[in-house]
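Notes to accompany the following structure.
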Amino acid sequence: MIRLDKALSHMGLGSRKEVKNYIRKGYIVVNGEVVYDDDFKINPDEDEIIIDGESFKYDEYVYIMLNKPAGVISATEDNRYETVVDLCSEYRKYNIFPVGRLDIDTEGLLILTNDGELAHKLLSPKYHVFKKYYTKFDGVFKEEYLKAFENGITIDDGYKCLPAKAEIISENECYIYIREGKFHQVKRMMQALGMEVTYLERIGFGKIELDKSLARGAHRPLTEEELNSLKEAFI
Numbered sequence: 478m479i480r481l482d483k484a485l486s487h488m489g490l491g492s493r494k495e496v497k498n499y500i501r502k503g504y505i506v507v508n509g510e511v512v513y514d515d516d517f518k519i520n521p522d523e524d525e526i527i528i529d530g531e532s533f534k535y536d537e538y539v540y541i542m543l544n545k546p547a548g549v550i551s552a553t554e555d556n557r558y559e560t561v562v563d564l565c566s567e568y569r570k571y572n573i574f575p576v577g578r579l580d581i582d583t584e585g586l587l588i589l590t591n592d593g594e595l596a597h598k599l600l601s602p603k604y605h606v607f608k609k610y611y612t613k614f615d616g617v618f619k620e621e622y623l624k625a626f627e628n629g630i631t632i633d634d635g636y637k638c639l640p641a642k643a644e645i646i647s648e649n650e651c652y653i654y655i656r657e658g659k660f661h662q663v664k665r666m667m668q669a670l671g672m673e674v675t676y677l678e679r680i681g682f683g684k685i686e687l688d689k690s691l692a693r694g695a696h697r698p699l700t701e702e703e704l705n706s707l708k709e710a711f712i
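When the letters of the sequence shown are read in order and numbered with this note's numbering, they come out as residues 478 to 712.
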């Protein structure tokens, strides 16, 4: 059970003070009855909440797909740059954060949520949740490099990356699959093999693919099917 005013504020109806005022004026209907008591308790899984004639569902957790543009940083706030949370400002009240990070010049699929447990599991290498990147590069991708990715590439600081995968698309394009999130990892892996990344876009996270209809900088909630596919990665 949860207080009605707390639930409504969490749903974005307004501040706790504003929500209390709405309730006391009789704007909120719970299970067909007008509620005037802001201390009223609801069961978010069962009770029907009607606000100004529209039905609302209380969600403790939110899960968002963002098509991140270049020039935006993967942070919750920053004094210099626009952040991914700024692009999803209507969800800021849920205290969302990005699951992992994309470099400022990297575009594509980023998941934001307030579900810390899910985020931790998605980022943990032991669950083998692969992230898929589309890469353009300068240099020559030799056939033997495919095996190098599978064996684990040692990058410039001496760290040996976990086994990864690569698929050659054309002379200067490939897909890279990794299950870690080291700083500039894809770029450094390619550099270790004598190639220079010129463009990088994340297009997959586990079984989820970037929604091609989502404009750069736009976002939407994950579908139930997408969310379930993420959770299935570590069940």
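Even glycine gets a Cβ: it sits at the ideal position worked out from N, Cα and C.
Near residue i, which residues of its chain fall below 7 Å by C-beta distance, leaving aside the five closest residues on each side in sequence?
i	result
LEU543	VAL561, LEU564, CYS565, LEU587, LEU589 and HIS696
Please determine, among the options, the residue with the shortest C-alpha to C-alpha distance to residue i.
i	options	result
LYS684	VAL606, ASN498 and TYR558	VAL606
GLY681	LYS619, ASN649, LEU599 and ILE500	LEU599
TYR504	HIS487, ASP482 and PRO521	ASP482
LYS570	PHE517, PHE614, TYR538 and THR583	TYR538
ALA596	ILE550, ALA710, LEU485 and GLU567	ALA710
TYR568	HIS487, GLU686, ASP688 and LEU704	HIS487
ALA427	ASP536, TYR610 and ASP580	Nothing in the structure corresponds to residue 427, since the chain is present only between 478 and 712.
ILE646	TYR610, TYR636 and ARG665	TYR610
GLU703	LEU691, LEU687 and ARG679	LEU687
ASN591	VAL576, ASP524 and ILE519	VAL576
SER706	LYS494, ARG493, TYR540 and ILE519	TYR540
Take residue i and list the residues in its own chain whose beta-carbon comes closer than 8 Å to its own, dropping the five residues that flank it on each side.
i	result
GLN662	ILE632, CYS638 and ILE655
ARG501	TYR513 and ASP515
VAL511	GLY503 and ILE505
Are the beta-carbon atoms belonging to residue i and residue j less than 8 Å from one another?
i	j	result
ARG715	GLY509	Because the chain spans 478 through 712 in this model, residue 715 falls outside it and cannot be assessed.
TYR622	ALA643	yes
ASN572	LYS613	no
LYS545	GLY593	no
ILE479	VAL507	no
ARG679	THR583	yes
Can you tell me which of the three DSSP states residue i falls into?
i	result
MET672	coil
ALA692	coil
TYR504	coil
SER647	strand
Only counting the same chain, and skipping five residues up and downstream in sequence, which positions put a Cβ closer than 6 Å to that of residue i?
i	result
LEU490	VAL496
At least three beta-carbon pairs within less than 8 Å, the stretch 547-556 to the stretch 523-533: no
Across the stretch 617-635 and the stretch 662-676, are there enough close Cβ pairs to call them in contact, namely three or more that are closer than 8 Å? yes
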